[in-house]
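Colleague:
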Amino acid sequence: MAMKFPDRAAPRRRLRPEELTALEADGAICARGLLDKATVDHMRDALEDVLAQSGVIGGPLSMPDDGFHGDVFVWKLHDAFRDLALFSCLPELANQILRSTSVQFFYEQFFVKRAGSPIDTPWHQDLPFWPVAGTQVASFWITLDPVSRASSGLEFVRGSHKWEKRYKAVTPNHDPYMADTDLEAAPDFSQLRREHELLGWDMEPGDVLVFGPLVAHGSGGNASQDRDRRALAFRYCGDDVTFAPRHATMPLLWDHGLEPGDRLGGPLFPQVLPEVLESEVATRWAGPEAPSDRAVAAFLAHLEETGFGAGFEKKPLLDSERSE
Numbered sequence: 121m122a123m124k125f126p127d128r129a130a131p132r133r134r135l136r137p138e139e140l141t142a143l144e145a146d147g148a149i150c151a152r153g154l155l156d157k158a159t160v161d162h163m164r165d166a167l168e169d170v171l172a173q174s175g176v177i178g179g180p181l182s183m184p185d186d187g188f189h190g191d192v193f194v195w196k197l198h199d200a201f202r203d204l205a206l207f208s209c210l211p212e213l214a215n216q217i218l219r220s221t222s223v224q225f226f227y228e229q230f231f232v233k234r235a236g237s238p239i240d241t242p243w244h245q246d247l248p249f250w251p252v253a254g255t256q257v258a259s260f261w262i263t264l265d266p267v268s269r270a271s272s273g274l275e276f277v278r279g280s281h282k283w284e285k286r287y288k289a290v291t292p293n294h295d296p297y298m299a300d301t302d303l304e305a306a307p308d309f310s311q312l313r314r315e316h317e318l319l320g321w322d323m324e325p326g327d328v329l330v331f332g333p334l335v336a337h338g339s340g341g342n343a344s345q346d347r348d349r350r351a352l353a354f355r356y357c358g359d360d361v362t363f364a365p366r367h368a369t370m371p372l373l374w375d376h377g378l379e380p381g382d383r384l385g386g387p388l389f390p391q392v393l394p395e396v397l398e399s400e401v402a403t404r405w406a407g408p409e410a411p412s413d414r415a416v417a418a419f420l421a422h423l424e425e426t427g428f429g430a431g432f433e434k435k436p437l438l439d440s441e442r443s444e
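Oh and the sequence shown: position 17 is 137 in the numbering used here, straight run, nothing missing.
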């Protein structure tokens, strides 16, 4: 018997022609009111649930003493993240941007900067972080709190997605493994406002930043003493994105079955349009899906070989009874 998936949520509104034009020209836009209050409230509760359980794969980006928390591939273990990834309005909005024959869900992250957190988000481009080739990627940065530049709202270097320059991947915790490339570090563009136009917006919950994989962006710490900055980033890809593993990119701790050059798809990067494929999500639909012992062991062995393994260990799975 075929699985019964939820009906896909229709967008509150589609991206307007002028927004798509600005996205292509500038590299990033703020799309007002894309998500409804119920969705935002639900995801805020889901995020706090994940944090209460010490993250999903252990919050590998987290620095709890400094009020910063982050994690990736939460959708593999928490149903609210799964359903937003697969059955929300985001795939349809992504297809407006990508104009692809089909759309794959790439992955999602969350970033929490508690009130007063001094941790900045170093200036970077996203593509150098990823074991993929191609540029047909759309990112949706969803704020769950009112946000401004002062409370660590993202800023973007207008038009930088058209540069030939590529910068090394730098994480908020300055993970040496991720930064171990021959690429140069990005300048601190916040100090170069006379030379470059920086785009940034005050945002309310339900507003969404939409941007591509090559626009340079970053943010300062959260200077607000009474307001957290909680954000989700959901990413989708189209026809030209292929698997291209290389050193010092985001580790993939779930089995995916891809060979170099394959178009993304399968259980880690499932198709979402024109429809979700039962064959790709059946295991996840049955319940939370722990990281692969084989993939984790291979990554730990690689870290040991390259000298970047200190402090990294496999983290526990979320309690499946609390996956929603």
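Glycine included, every Cβ here is placed at the ideal spot set by N, Cα and C.
None of the values given here were measured: they were computed from a predicted structure.
Just checking my contact of A235 with V223 at CB under 8 angstroms: how many whole Å lie between their CB atoms?
Modeller: Counting from one through the sequence shown, the residue named residue 235 turns up at place 115. Counting from one through the sequence shown, the residue named residue 223 turns up at place 103. The Cβ separation is near 36 angstroms, so there is no contact.
Colleague: For the beta strand (DSSP E) containing Q173, list its first residue and its last residue.
Modeller: If you number the sequence shown from 1, residue 173 lands on position 53. Note, Q173: premise wrong, no beta strand (DSSP E); not H, not E.
Colleague: Taking only runs of the beta strand (DSSP E) that begin and end inside the segment 370-428, which ones reach a length of at least 3 residues, in chain order?
Modeller: 391-393, all fully within the segment 370-428.
Colleague: Which of the three DSSP states is assigned to L274 in this structure?
Modeller: Indexing the sequence shown from 1 puts residue 274 at position 154. For L274, the three-state secondary structure derived from DSSP is coil.
Colleague: Whole angstroms are fine: how far does the CA of E424 sit from the CA of W243?
Modeller: Translated into the one-based positions of the sequence shown, residue 243 becomes position 123. Translated into the one-based positions of the sequence shown, residue 424 becomes position 304. Approximately 28 angstroms, taken between the alpha carbons.
Colleague: I'd like the span of the beta strand (DSSP E) that includes Q76, first residue to last.
Modeller: Residue 76 falls outside the range modelled here, since the chain spans only 121 to 444, and no answer is possible.
Colleague: Write down the C-beta distance between T263 and D327 rounded to the nearest angstrom, noting that I regard them as a contact closer than 8 angstroms.
Modeller: Residue numbering aside, residue 263 sits at position 143 when the sequence shown is read from its first letter. Residue numbering aside, residue 327 sits at position 207 when the sequence shown is read from its first letter. In this structure T263 is in contact with D327, their Cβ atoms being roughly 6 angstroms apart against a cut-off of 8 angstroms.
Colleague: At a cut-off of 7 angstroms, would you count L384 as near the ligand FAD, judging by its Cβ distance to the nearest heavy atom?
Modeller: What this structure holds is no ligand at all, so the ligand FAD is not there to describe.
Colleague: Assuming M123 contacts W374 (C-beta within less than 8 angstroms), just tell me the rounded distance between them.
Modeller: Taking the first residue of the sequence shown as 1, we reach residue 123 at position 3. Taking the first residue of the sequence shown as 1, we reach residue 374 at position 254. Actually they are not in contact, since the Cβ atoms of M123 and W374 sit about 20 angstroms apart, beyond 8 angstroms.
Colleague: Use the C-beta contact count for A245: other C-beta atoms within 10 angstroms, 16 or more gives buried, fewer gives exposed.
Modeller: Your numbering for residue 245 matches position 125 in the sequence shown. The sequence shown places Gln at residue 245, rather than the Ala named in the question. Buried is the call here.
Colleague: Which term fits G381, buried or exposed, when burial requires 16 or more other beta carbons within 10 angstroms of its beta carbon?
Modeller: Counting from one through the sequence shown, the residue named residue 381 turns up at place 261. Exposed, because fewer than 16 other Cβ atoms sit within 10 Å of the Cβ of G381.
Colleague: Within 10 Å of its beta-carbon, does E409 have 16 or more other beta-carbons around it, so buried, or fewer, so exposed?
Modeller: Counting from 1 along the sequence shown, the entry for residue 409 is found at position 289. When all chains shown are included, E409 counts as buried.
Colleague: May I have the straight-line CA-CA distance separating Q216 from A343, to the nearest angstrom?
Modeller: Within the sequence shown, numbered from 1, the residue matching residue 216 stands at position 96. Within the sequence shown, numbered from 1, the residue matching residue 343 stands at position 223. So the alpha carbons of these two residues sit roughly 35 angstroms apart.
Colleague: Can you list, in chain order, the residues of its chain whose CB lies under 6 angstroms from that of V232, leaving out five sequence neighbours each side?
Modeller: For the purposes of this step, residue 232 is identified with residue 112 of the sequence shown, where counting begins at 1. Counting only Cβ-Cβ distances below 6 angstroms, and skipping sequence neighbours, we find H189, R350.
Colleague: Can you round the beta-carbon distance between V335 and S280 to whole angstroms, since I take them to be within the 8 angstroms contact cut?
Modeller: Counted from its first residue, the sequence shown places residue 335 at position 215. Counted from its first residue, the sequence shown places residue 280 at position 160. Yes, they are in contact, since the Cβ atoms of V335 and S280 sit about 5 angstroms apart, within 8 angstroms.
Colleague: Could you please give the first and the last residue of the uninterrupted alpha helix (DSSP H) stretch that includes F207?
Modeller: Along the sequence shown, read from residue 1 onward, the residue named residue 207 stands at position 87. 199-207 is the span of the alpha helix (DSSP H), which, as asked, contains F207.
Colleague: Cutting at 8 angstroms between CB atoms, please list the residues of its own chain near E400, excluding the five before and the five after it.
Modeller: If you number the sequence shown from 1, residue 400 lands on position 280. Cβ within range, chain order: G385, G386, P387, P390, Q391.
Colleague: I'd like the span of the alpha helix (DSSP H) that includes T141, first residue to last.
Modeller: For the purposes of this step, residue 141 is taken as residue 21 along the sequence shown, with counting starting at 1. That run of the alpha helix (DSSP H) goes 137-146.
Colleague: If you check the beta carbons only, do A172 and L319 fall under 8 angstroms apart?
Modeller: Looking up residue 172 in the sequence shown gives position 52. Looking up residue 319 in the sequence shown gives position 199. The answer is no: Cβ separation not under 8 angstroms.
Colleague: Pick out whichever of C209, P251, D240, S237 has its Cα sitting closest to the Cα of F226.
Modeller: The sequence position of residue 226 within the sequence shown is 106, counting from 1. Comparing Cα-Cα distances from F226 to each of C209, P251, D240, S237, the minimum goes to P251.
Colleague: In terms of residues, what are the limits of the beta strand (DSSP E) holding I262?
Modeller: By one-based count along the sequence shown, residue 262 stands at place 142. Segment 257-263, the beta strand (DSSP E) holding I262.
Colleague: Short check: CB of A151 to CB of V277, under 8 angstroms?
Modeller: To locate residue 151, count along the sequence shown from 1; it is residue 31. To locate residue 277, count along the sequence shown from 1; it is residue 157. Not in contact: A151 and V277 (Cβ atoms no closer than 8 angstroms).
Colleague: State the Cα-Cα distance for the pair D348 and P292, rounded to the nearest angstrom.
Modeller: Here residue 348 is taken as the residue at index 228 of the sequence shown, counted from 1. Here residue 292 is taken as the residue at index 172 of the sequence shown, counted from 1. So the alpha carbons of these two residues sit roughly 17 angstroms apart.
Colleague: What distance in whole Å lies between the Cβ atoms of S259 and D186, which are believed to be in contact at a cut-off of 8 angstroms?
Modeller: Locating residue 186 in the sequence shown gives position 66, counting from the first residue. Locating residue 259 in the sequence shown gives position 139, counting from the first residue. Actually they are not in contact, since the Cβ atoms of D186 and S259 sit about 25 angstroms apart, beyond 8 angstroms.
Colleague: Classify T221 as buried or exposed, calling it buried when 16 or more other Cβ atoms lie within 10 Å of its own Cβ.
Modeller: In the sequence shown, the residue the question calls residue 221 occupies position 101. Classification for T221: exposed.
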